[in-house]
Each structure stands twice: as structure tokens, then as C-alpha cells.
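Letter by letter, the sequence shown follows residues 876 to 1019 of our numbering. Written below as C-alpha cells is the structure these notes are about.
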Amino acid sequence: MAKDETVWNPGWDAFHANPTAEPREPEVVLEPLFWGLFSLGGFLTAFLLPVTIFLLSFAVPLGFWPADRLAYDAFHASFQSLLVRAFYFVLIVGALFHGAHRFKFMLLEAGLHKHDGALAFVLYGLAILGSLGALYLVLKGWLL
876 MAKDETVWNP GWDAFHANPT AEPREPEVVL EPLFWGLFSL GGFLTAFLLP
926 VTIFLLSFAV PLGFWPADRL AYDAFHASFQ SLLVRAFYFV LIVGALFHGA
976 HRFKFMLLEA GLHKHDGALA FVLYGLAILG SLGALYLVLK GWLL
């Protein structure tokens, strides 16, 4: 690969593809973590959210699921299980981080490159606050 072709490479700063180049200030610190959360959130949300929506919204009217299982008492009793609480926690947290990352890069593509740090702080901060809220609701009544 010619030297001028590596300039466009977004991984240049993170991986230092050319070992003879002068070392630069690392620009990528938390970005791989947020890309991982984006990927995990997208994967889990794509698989778990449609099933959850189908079971909670469409399965009873179509006769695939007994109506008494979605009654408040039955749902409340099943929500006491740690596995069910963990399922909803992972679903909510994954969707929050996936949405925050996607929205951040949508705004960056729209031309808000100057505000990259502020966008990351606000959007990931909201995702973290939402995750802490979900964690509180999951642990409320189980540990507290």
C-alpha cells in the first residue's frame, strides 16, 4: 500500500499501521469500547426485542400464548426471577448504547464534527443514566 493511501485509514491513529511513522497523540481511547457496546446492543436488540414485542403484544390476541400469563400477577411473579430481570436489563442497556452510538454518528455525519466530545458526553451520559435507572429497577424489590 502506498504511503499516501494510508492517510484516509481511520484505523491509522489507533493501530499505527506504519511503524516508521512518527508517533502521534492517541486519539482513540474509549471508542473501541463504545463500538463494542454498539455491536452488542444491536445484536441483542435485534434478536431479543422482536421476540419480546411479539410475546407481550401479539401472541395473546393471536392465541399463541395464554392470556393469564400476561396478567399483572403472573407477570409480576415471573419478574421476581433474576434471569427475567437480567433479560430486561440486557435488552434495555443494549438498546440504549446502540441508539446513543448510532445517533452520535448520525449527528457527526450531519456536520457536527466540532462537537464530537460534547455529543459523546451527552449521548453516552444519557445511556449510562438510563442503564443505571434500569439497574435500579431490576434490583428494586429483589435486593433492596
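In this text, a Cβ means the ideal position worked out from N, Cα and C, and glycines have one as well.
Tell me where the alpha helix (DSSP H) around residue 966 begins and ends. As a working mapping, residue 966 is identified with position 91 in the sequence shown. Boundaries of the alpha helix (DSSP H) around residue 966: 957-984.
Going along the chain, which residues of its own chain have a beta-carbon closer than 7 Å to the beta-carbon of residue 995, five neighbours each way excluded? Taking the sequence shown and counting its residues from 1, one reaches residue 995 at position 120. So the list reads 979, once near-sequence residues are dropped.
Specify the secondary structure class of residue 940 as computed by DSSP and reduced to three states. Stepping through the sequence shown from its first residue, residue 940 is reached at position 65. The answer is coil: DSSP assigns residue 940 none of H, G, I, E or B.
By the DSSP assignment, the alpha helix (DSSP H) with residue 988 in it spans what residues? Along the sequence shown, one-based indexing puts residue 988 at 113. From DSSP, residue 988 is part of no alpha helix (DSSP H); its letter is neither H nor E.
Return the chain-ordered list of same chain residues with a C-beta closer than 8 Å to the C-beta of residue 916, the five sequence neighbours on each side being excluded. Along the sequence shown, one-based indexing puts residue 916 at 41. Correct list, in chain order: 968, 969, 970, 971, 972, 973, 974 and 976.
Nearest-angstrom Cα separation, counted from residue 1014 out to residue 946: Position 71 of the sequence shown, counting from 1, holds the residue named residue 946. Position 139 of the sequence shown, counting from 1, holds the residue named residue 1014. Spanning the two alpha carbons is a distance of roughly 22 Å.
Helix, strand or coil, according to DSSP, for residue 934 in the structure here? Walking along the sequence shown from the start, residue 934 turns up at place 59. If DSSP states are grouped into helix, strand and coil, residue 934 belongs with coil.
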